[in-house]
Amino acid sequence: MSSLELSNDYEKLFETKIGYDIIIYAGEEQNIKEIHAHSNILRLKSKYFSTAFSNEWAKKEDGKFILRKPNIPPYLFDIILRFIYCEDIELKNLQGLDVLNLLIAVDELSIHQLISHIHEYFIKHHNEFLRQTPTDILETAYQHETLFTDLWNSCLKTICNEPKILFNSDKFINLKAPLLELLLRRDDLNIDRIEVWEYLLKWCFAQQNIENNPMKWNKDDITKIESLLNRFIPFIRFYDIEPTDFFQRVYNYKDILPQDLIHDILEFHINHRACSIKFSLL
């Protein structure tokens with residue numbers, strides 16, 4: 001039998017599922033799908049499946065292997081199985097987050113032929129993908145940075161060069177605090193510090209569902225915002241904010257900032273202005 005004939009046979013098995021001996025439950029809750037496959041074919045393509053369907057690890061019901069993968073959505077598992085059977089994969093119709101989740105899935109399933117291909121494809125298109133769903137992609141890439149270091153660094157570099165891709169997105173307020181802090185710590189974040197302050201305020205108010213109006217805050221509101229804001233204060237770099245911006249766009253929020261910080265910044269600007277006047281008179 002030629003390789004082409006064998007490939008055609010595998011494709012027929014993928015379409016018909018005749019003689020299947022595996023039942024895979026992909027997805028979770030309302031999105032579970034029962035998928036049928038053949039253990040001999042899956043074992044050939046992946047060490048993960050070889051182990052999963054070994055006598056030591058396999059679970060069987062009515063003579064069929066049972067595998068549950070709640071963390072892999074059915075539509076991604078179908079893509080993976082099509083590659084295993086047909087050696088065919090099409091990524092161009094997938095959204096960026098789907099491509100990234102597919103990469104994570106094939107890495108978990110040890111399908112090495114696909115890992116490098118999807119990894120390279122994502123990095124090539126990461127700029128476009130970040131503009132689709134920047135928060136979701138950054139969070140997912142951050143969670144797997146040790147596995148896909150080049151991918152994470154590419155995303156991070158793009159966001160630092162063009163941070164408003166993230167900060168102006170609808171889901172910016174959903175960004176988790178550790179990742180937001182990581183971004184604000186960076187010296188190459190290409191954004192004015194007064195904008196950092198205002199985006200950070202927007203994020204804080206959204207976390208606590210508090211209106212952006214200091215006149216309407218009670219003591220509990222102030223305590224909540226102070227507590228949330230505290231970890232980020234060292235990375236705002238208040239001393240880099242222009243005096244006019246500080247007085248017009250920061251000082252109104254003095255109740256949620258450390259009073260010694262407010263005092264030091266006021267003193268800094270007063271002294272700086274005094275020096276400027278002195279030198280202008282010379």
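Position 260 of the sequence shown, counting from 1, maps to 260 under full-length UniProt numbering, and the rest follow consecutively. Don't be surprised by glycine CBs; every beta carbon is placed ideally from N, CA and C.
Counted as a single uninterrupted DSSP element, the alpha helix (DSSP H) harbouring residue 219 occupies residues 219-229. In this structure, DSSP gives residue 68 an extended state, which the three-state scheme calls strand. Membership of residue 128 in the alpha helix (DSSP H) is indicated by the continuous run 112-132. In this structure residue 81 touches residue 37 by the C-beta definition: roughly 6 Å separates them, less than 8 Å.
One thing to note: residue 173 has its Cβ no nearer than 8 Å to the Cβ of residue 166.
Remark: fewer than three beta-carbon pairs, one from each stretch, lie closer than 8 Å, so the segment 201-213 and the segment 181-190 are not flagged as touching.
Taking C-beta separations shorter than 8 Å and ignoring five residues to either side along the sequence, the partners of residue 123 in its chain run 150, 151, 154, following chain order.
The beta carbons of residue 194 and residue 249 sit closer together than 8 Å. In this structure, 226 is the residue among 117, 268, 226 with its C-alpha nearest to the C-alpha of residue 256. In this chain, the alpha helix (DSSP H) harbouring residue 108 covers 96-108. Cβ-Cβ separation between residue 110 and residue 47: approximately 5 Å, consistent with a contact (criterion under 8 Å).
Annotation: residue 58 is outside any beta strand (DSSP E) and is labelled neither H nor E by DSSP.
Nearest to residue 67 by C-alpha distance, out of 243, 33, 233, 16, is 33.
Just so you know, the alpha carbons of residue 228 and residue 14 end up roughly 52 Å apart.
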